[in-house]
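Quick note, the sequences are listed as chains A and B, same order.
Each residue of the first sequence is one higher than the one before, starting from 1 at the first, in the numbering used here.
Each residue of the second sequence is one higher than the one before, starting from 284 at the first, in the numbering used here.
Just so it is clear, CB atoms sit at the ideal spot from N, CA and C, and this is done for glycine as well.
Predicted model only: the values in this text are computed from it and were never measured.
Inspection log for the structure reproduced underneath, given as structure tokens.
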Amino acid sequence: MTASPLQGELDDNVVQRRSTLRAEEQGEAMTTSSEILQVEALGCSFGGIFAVQDASFVVKSEGITGLIGPNGAGKSTIISLVAGSTRPDSGSVRFAGEDITGLKAHQIARKGLVRTFQKSNLFARMTVLENLLVGVTSMKGDSYVDALLGRWRWQQAEAKLVDDARELLVRFKMDRYEDTYAGELSGGEKRMVELMRAMMAQPKMLILDEPMAGVNPTRAREIGGHLRELADEGLAILVVEHEMVFIEQVCNRVIVMAQGSVLAEGTMAELRRNREVIDAYLS
Amino acid sequence: MSSLMQFYVTELLVLFSVNIIAVWALDLQFGVTGINNFGFIIFQSVGAYAGAVFTLGSQSANGGFQHFIGGAHLPYPWSVVAAGIVAGIVAIPIGHMGISRLRGDYQAIVMLVLAVMAVNIANAAVNIVNGPAGLSLVPQPLVQFFHSSLEYAWVYVALSLVWALLAFYVVRGVTAAPLGRRLRAIRESESAASALGINVAQMKMRVFVIGAMLAGVSGAVYVQYLGSWGPTSWAYTETFVFFTAIVVGGTGNMLGAALGVALVPIAFQELTRFFPNVGYPGMSASLQWVLIGILMLVFMWFRPRGLIPERRRTFRGGKVLALRKAPVIESTSAGMSSDG
Numbered sequence: 001m002t003a004s005p006l007q008g009e010l011d012d013n014v015v016q017r018r019s020t021l022r023a024e025e026q027g028e029a030m031t032t033s034s035e036i037l038q039v040e041a042l043g044c045s046f047g048g049i050f051a052v053q054d055a056s057f058v059v060k061s062e063g064i065t066g067l068i069g070p071n072g073a074g075k076s077t078i079i080s081l082v083a084g085s086t087r088p089d090s091g092s093v094r095f096a097g098e099d100i101t102g103l104k105a106h107q108i109a110r111k112g113l114v115r116t117f118q119k120s121n122l123f124a125r126m127t128v129l130e131n132l133l134v135g136v137t138s139m140k141g142d143s144y145v146d147a148l149l150g151r152w153r154w155q156q157a158e159a160k161l162v163d164d165a166r167e168l169l170v171r172f173k174m175d176r177y178e179d180t181y182a183g184e185l186s187g188g189e190k191r192m193v194e195l196m197r198a199m200m201a202q203p204k205m206l207i208l209d210e211p212m213a214g215v216n217p218t219r220a221r222e223i224g225g226h227l228r229e230l231a232d233e234g235l236a237i238l239v240v241e242h243e244m245v246f247i248e249q250v251c252n253r254v255i256v257m258a259q260g261s262v263l264a265e266g267t268m269a270e271l272r273r274n275r276e277v278i279d280a281y282l283s
Numbered sequence: 284m285s286s287l288m289q290f291y292v293t294e295l296l297v298l299f300s301v302n303i304i305a306v307w308a309l310d311l312q313f314g315v316t317g318i319n320n321f322g323f324i325i326f327q328s329v330g331a332y333a334g335a336v337f338t339l340g341s342q343s344a345n346g347g348f349q350h351f352i353g354g355a356h357l358p359y360p361w362s363v364v365a366a367g368i369v370a371g372i373v374a375i376p377i378g379h380m381g382i383s384r385l386r387g388d389y390q391a392i393v394m395l396v397l398a399v400m401a402v403n404i405a406n407a408a409v410n411i412v413n414g415p416a417g418l419s420l421v422p423q424p425l426v427q428f429f430h431s432s433l434e435y436a437w438v439y440v441a442l443s444l445v446w447a448l449l450a451f452y453v454v455r456g457v458t459a460a461p462l463g464r465r466l467r468a469i470r471e472s473e474s475a476a477s478a479l480g481i482n483v484a485q486m487k488m489r490v491f492v493i494g495a496m497l498a499g500v501s502g503a504v505y506v507q508y509l510g511s512w513g514p515t516s517w518a519y520t521e522t523f524v525f526f527t528a529i530v531v532g533g534t535g536n537m538l539g540a541a542l543g544v545a546l547v548p549i550a551f552q553e554l555t556r557f558f559p560n561v562g563y564p565g566m567s568a569s570l571q572w573v574l575i576g577i578l579m580l581v582f583m584w585f586r587p588r589g590l591i592p593e594r595r596r597t598f599r600g601g602k603v604l605a606l607r608k609a610p611v612i613e614s615t616s617a618g619m620s621s622d623g
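If you want it as structure tokens, here you go:
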């Protein structure tokens with residue numbers, strides 16, 4: 001693996017980090033933490049070629065789970081299948097104890113499973129604050145009846161949400177961009193807004209597709225820190241990422257995919273000892 | 284003002300009201316939600332036919348020279364309301380075909396094709412709305428209460444302005460509410476909107492139907508003023524006059540759309556009347572279409588957001604005061620499509 005800009009920090013922290021991971025792992029084994037997402041034997045083919053085949057894994061309701069694998073392993077397809085952008089040909093997805101297989105993307109989002117995209121996907125000609133407000137899944141004033149009855153029907157509800165959004169902006173140190181059009185932000189800032197927008201939906205679980213793509217190292221560390229914080233507050237997070245250092249630093253568990261199926265699951269330390277994983281990916 | 288001048292002014296004002304209802308409706312679909320409804324004229328026309336049929340009475344009236352279905356004598360505001368409802372109902376199957384499942388260019392193509400088909404159907408199926416001859420002798424609403432035709436002309440201006448106000452209330456209500464924010468989100472990115480729990484297909488469908496209803500109202504108001512409506516009144520190209528008005532005035536901005544209406548269907552089309560007649564008869568009318576096309580192209584190239592662009596929506600008040608705001612950068616060169 002090539003040296004990454006994050007390497008410096010890793011060298012200092014890696015030993016400590018790994019030991020805490022082990023501690024967490026033992027803790028989990030004792031409390032038998034619940035599984036928020038269960039993917040079973042998921043399959044999907046495009047024109048006879050399998051993008052995902054017989055993929056099964058679980059995501060625990062605590063901590064950050066990494067999803068790694070070489071290019072073409074089917075990571076993005078798995079996310080599309082789980083989040084409802086693509087319909088699976090076979091298999092099942094259960095989220096928070098409920099079968100969500102084959103539901104549409106907006107239905108799944110409303111159940112509390114919110115995803116972001118590999119290519120940043122903000123509402124470019126809307127301000128940062130507006131982007132955040134769209135994240136709210138259901139509010140007064142989003143129906144025609146409310147809209148036509150006039151401002152008094154939704155004004156108070158909106159003012160409260162604006163306050164919530166501003167608190168989030170302050171927390172992510174993005175409050176100075178409140179009125180900036182999202183299309184005018186830098187790559188890293190866009191990622192932050194995507195994360196905040198997803199948080200406005202008050203999700204039970206976040207799926208992030210390469211949240212560090214096109215982000216400078218300082219910002220990447222910042223995003224990593226925010227993700228850790230959110231996970232500590234009880235949000236389940238599944239992250240697809242190429243940056244191994246990031247995976248090592250922030251993920252509690254890691255799922256390795258290769259050629260459309262799941263190769264292995266475990267902590268990074270365990271995976272480093274796994275012959276198959278080393279051959280397929282880590283070598 | 285001479286009475287001739289007054290007639291001319293009232294005609295322009297009615298034309299303005301009719302067009303502004305249509306343009307606000309189209310802007311709600313195109314400028315706000317991003318639906319490329321290139322078949323918008325279908326719904327204005329359906330409204331016009333319905334507005335005529337609902338006032339003409341039965342087929343046998345006026346000597347029975349016109350053939351149409353569903354004749355009735357609805358009292359005044361209801362003939363217009365019913366026309367809007369009919370246009371909305373027609374929009375449901377068309378929306379399912381052309382809007383809710385398709386995006387961008389595909390919507391445009393399907394809607395354009397449907398607009399061409401619709402004119403041909405109205406022409407060929409003579410029993411629906413009297414075929415190529417169209418409907419005529421449409422009675423003017425409430426005309427029996429007024430003595431002079433000039434007086435009535437001003438009354439009709441007032442009536443059509445009331446309908447325009449209604450359209451303003453509807454479109455303004457939707458765009459100002461959180462609902463409007465969701466519609467703009469769909470315009471910017473359908474995939475991101477659905478990932479945030481927005482039922483994109485359903486939202487597009489509803490906007491399509493609401494827009495069609497307003498288009499129907501504009502058609503009914505127009506036909507009850509003109510007194511006749513036929514296939515020659517609504518070539519598919521008419522939709523582009525509305526689009527040009529929106530692009531020139533400013534997409535997603537109601538004031539911009541109003542300015543666009545004043546400039547394109549009113550000023551632009553009226554001014555060309557005073558051009559000297561050059562070439563063969565009808566050449567200046569054709570040139571008018573060329574000029575509208577050029578106007579649209581020029582604006583797309585040099586001022587894609589129009590004369591009065593969509594306004595940046597900011598929020599004042601609230602308990603967390605954002606004091607460290609970044610300087611606001613205005614960019615007008617960003618092109619029609621978003622870059623996200």
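Quiz item: According to a CB-to-CB cut-off of less than 9 Å, which residues of the segment 136-151 of chain A neighbour chain B?
Solution: Answer set for the segment 136-151 of chain A: V136, T137, S138, M139, K140, G141, D142, S143, Y144, D146, A147, L148, L149, G150, R151.
Exercise. Whole angstroms is fine: what's the gap from Y389 of chain B's alpha carbon to N302 of chain B's?
Key: Here residue 389 of chain B refers to the residue found at position 106 when the second sequence is read from its first residue. Here residue 302 of chain B refers to the residue found at position 19 when the second sequence is read from its first residue. Each residue's alpha carbon lies about 26 Å from the other.
Quiz item: Between the Cα of G208 of chain A and the Cα atoms of A:C251, A:F50, A:A124, A:G43, which residue gives the shortest distance?
Solution: Against the first sequence, residue 208 of chain A aligns to sequence position 208. The identity of residue 208 of chain A in the sequence shown is Leu, whereas the question assumes Gly. Out of A:C251, A:F50, A:A124, A:G43, A:C251 has the C-alpha closest to the C-alpha of L208 of chain A.
Exercise. Determine whether the Cβ of E158 of chain A lies closer than 8 Å to any Cβ atom of chain B.
Key: The sequence position of residue 158 of chain A within the first sequence is 158, counting from 1. Yes, its Cβ sits closer than 8 Å to a Cβ of chain B.
Quiz item: Applying the criterion that 16 or more other CB atoms from any shown protein chain within 10 Å of the CB defines a buried residue, is Q202 of chain A buried or exposed?
Solution: Residue numbering aside, residue 202 of chain A sits at position 202 when the first sequence is read from its first letter. Exposed, since its Cβ has fewer than 16 Cβ neighbours within 10 Å.
Quiz item: Can you list, in chain order, the residues of the segment 583-600 of chain B whose Cβ is nearer than 8 Å to any Cβ on chain A?
Solution: E593, R595, R596, T597, F598, G600
Quiz prompt | Complete runs of the alpha helix (DSSP H) confined to the segment 336-382 of chain B [at least 4 residues] | solution = 359-381
Quiz item: Which parts of the segment 114-196 of chain A are runs of the beta strand (DSSP E), unbroken and 3 residues or longer, counting only runs that do not cross its ends?
Solution: none
Quiz prompt | Residues of the segment 475-498 of chain B with Cβ closer than 8 Å to any Cβ of chain A, in chain order | solution = A475, A476, S477, A478, L479, G480, I481, N482, V483, R489, I493
Quiz item: Going by Cα to Cα distance, which pick from B:I549, B:A450, B:T527, B:N482 is closest to M579 of chain B?
Solution: If you number the second sequence from 1, residue 579 of chain B lands on position 296. Looking at the Cα atoms, B:T527 is the closest of the given residues.
Quiz prompt | From B:G381, B:T534, B:I304, residue whose alpha carbon lies closest to that of R586 of chain B | solution = Residue mapping note: residue 586 of chain B aligns to position 303 of the second sequence, counting from 1. Comparing Cα-Cα distances from R586 of chain B to each of B:G381, B:T534, B:I304, the minimum goes to B:T534.
Quiz item: Any C-beta of chain A sitting closer than 8 Å to the C-beta of R465 of chain B?
Solution: Taking the first residue of the second sequence as 1, we reach residue 465 of chain B at position 182. At least one chain A Cβ lies under 8 Å of R465 of chain B.
Quiz item: Quick one: Cα of Y508 of chain B to Cα of Y563 of chain B, how far?
Solution: Here residue 508 of chain B refers to the residue found at position 225 of the second sequence. Here residue 563 of chain B refers to the residue found at position 280 of the second sequence. Straight-line Cα distance between these residues: approximately 31 Å.
Quiz item: So, does the CB of S501 of chain B fall closer than 8 Å to a CB anywhere in chain A?
Solution: Sequence index remark: in the second sequence, residue 501 of chain B carries index 218 (1-based). Cβ-Cβ to chain A under 8 Å: no for S501 of chain B.
Quiz item: Under the rule that 16 or more other beta-carbon atoms within 10 Å means buried, what is T520 of chain B, buried or exposed?
Solution: Translated into positions along the second sequence, residue 520 of chain B becomes position 237. Exposed, because fewer than 16 other Cβ atoms sit within 10 Å of the Cβ of T520 of chain B.
Quiz item: By a C-beta neighbour count over all protein chains shown, 10 Å radius and 16 as the cutoff for buried, is N71 of chain A buried or exposed?
Solution: In the first sequence, the residue the question calls residue 71 of chain A occupies position 71. Residue burial is scored here from C-beta neighbours: N71 of chain A has fewer than 16 other C-beta atoms within 10 angstroms and is therefore classed as exposed.
Quiz item: Taking Cβ to Cβ, would you say A398 of chain B is nearer than 8 Å to F321 of chain B?
Solution: Indexing the second sequence from 1 puts residue 398 of chain B at position 115. Indexing the second sequence from 1 puts residue 321 of chain B at position 38. Cβ atoms of A398 of chain B and F321 of chain B: closer than 8 Å.
Quiz item: If you drop the 5 nearest sequence neighbours on each side, which residues of the same chain put their C-beta closer than 6 Å to that of A484 of chain B?
Solution: Taking the second sequence and counting its residues from 1, the one referred to as residue 484 of chain B is at position 201. S383, listed in sequence order.
Exercise. Anything in chain B within Cβ reach of T127 of chain A, meaning under 8 Å, just list it in chain order.
Key: Taking the first sequence and counting its residues from 1, the one referred to as residue 127 of chain A is at position 127. Chain B residues near T127 of chain A: R595, R596, T597.
Quiz item: Of the choices B:V573, B:P592, B:G381, B:G499, whose alpha-carbon is the least far from that of W446 of chain B?
Solution: Walking along the second sequence from the start, residue 446 of chain B turns up at place 163. Among B:V573, B:P592, B:G381, B:G499, the Cα nearest to that of W446 of chain B is on B:G499.
Self-check item: Secondary structure of W517 of chain B, DSSP reduced to three states
Solution: For this step, residue 517 of chain B is matched to residue 234 along the second sequence. It is coil, neither helix nor strand.
Self-check item: Collapsed DSSP secondary structure at E243 of chain A in the structure displayed
Solution: In the first sequence, residue 243 of chain A corresponds to position 243, counting from 1. Here E243 of chain A sits in coil by DSSP.
Quiz prompt | Residue nearest to V544 of chain B in terms of C-alpha spacing, selected from B:S285, B:L298, B:F451, B:E294 | solution = Sequence index remark: in the second sequence, residue 544 of chain B carries index 261 (1-based). Checking every option, the nearest Cα to that of V544 of chain B belongs to B:L298.
Practice problem: Over the uninterrupted beta strand (DSSP E) stretch that includes Q312 of chain B, give me the two end residues. | Solution: Here residue 312 of chain B is taken as the residue at index 29 of the second sequence, counted from 1. No beta strand (DSSP E) holds Q312 of chain B; DSSP gives it neither H nor E.
Quiz item: In chain A, which residues lie less than 7 Å from A460 of chain B when you measure between Cβ atoms?
Solution: By one-based count along the second sequence, residue 460 of chain B stands at place 177. Neighbours of A460 of chain B on chain A, chain order: G141, D146, A147, W154.
Practice problem: Using a threshold of 8 Å, state whether the C-beta atoms of R253 of chain A and G266 of chain A are closer than that. | Solution: As a working note, residue 253 of chain A is residue 253 in the first sequence. As a working note, residue 266 of chain A is residue 266 in the first sequence. It is a contact, given that the beta carbons lie within the stated cut-off.
Exercise. Pull up the CB-CB distance for P514 of chain B and A405 of chain B, whole angstroms please, since I reckon it's below 8 Å.
Key: By 1-based counting over the second sequence, the position of residue 514 of chain B is 231. By 1-based counting over the second sequence, the position of residue 405 of chain B is 122. That belief holds up - the Cβ atoms of P514 of chain B and A405 of chain B are roughly 5 Å apart, short of 8 Å.
Exercise. For A41 of chain A, count neighbouring C-beta atoms within 10 Å of its own C-beta (all shown protein chains included) and say buried if the count is 16 or more, exposed if not.
Key: Along the first sequence, one-based indexing puts residue 41 of chain A at 41. Residue environment analysis places A41 of chain A among the exposed positions, since fewer than 16 neighbouring C-beta atoms fall within 10 angstroms of its C-beta.
Quiz item: When Cβ atoms are compared, which residues of the segment 521-546 of chain B fall closer than 7 Å to chain A?
Solution: none
Practice problem: Less than 8 Å between the CB atoms is what I'm expecting for V290 of chain A and M200 of chain A, so what's the real figure, rounded? | Solution: This structure leaves residue 290 of chain A out entirely; chain A is present only between 1 and 283.
Quiz prompt | Residues from the segment 434-453 of chain B in contact with chain A, defined by Cβ distance under 7 Å | solution = V453
Quiz item: At a Cβ threshold of 8 Å, is A96 of chain A touching chain B?
Solution: As a position in the first sequence, residue 96 of chain A is number 96, starting the count at 1. Not an interface residue.
Quiz item: What do you get for W307 of chain B, buried or exposed, if any count of 16 or more other CB atoms within 10 angstroms of its CB means buried?
Solution: As a working mapping, residue 307 of chain B is identified with position 24 in the second sequence. Buried is the call here.
Practice problem: Go ahead and pull the three-state DSSP assignment for S285 of chain B. | Solution: As a working note, residue 285 of chain B is residue 2 in the second sequence. Coil.
Quiz item: In chain A, what lies closer than 8 Å to G317 of chain B by C-beta?
Solution: Against the second sequence, residue 317 of chain B aligns to sequence position 34. The contacting residues do not exist; G317 of chain B stays about 10 Å from chain A at best.
Exercise. Closer than 8 Å by C-beta to L357 of chain B: which residues in its own chain qualify, once you throw out the five before and the five after it? Chain order, please.
Key: Within the second sequence, numbered from 1, the residue matching residue 357 of chain B stands at position 74. When the five nearest sequence neighbours on each side are left out, the beta carbons in the same chain lying within less than 8 Å of the beta carbon of L357 of chain B are those of F337, T338, A365, in order along the chain.
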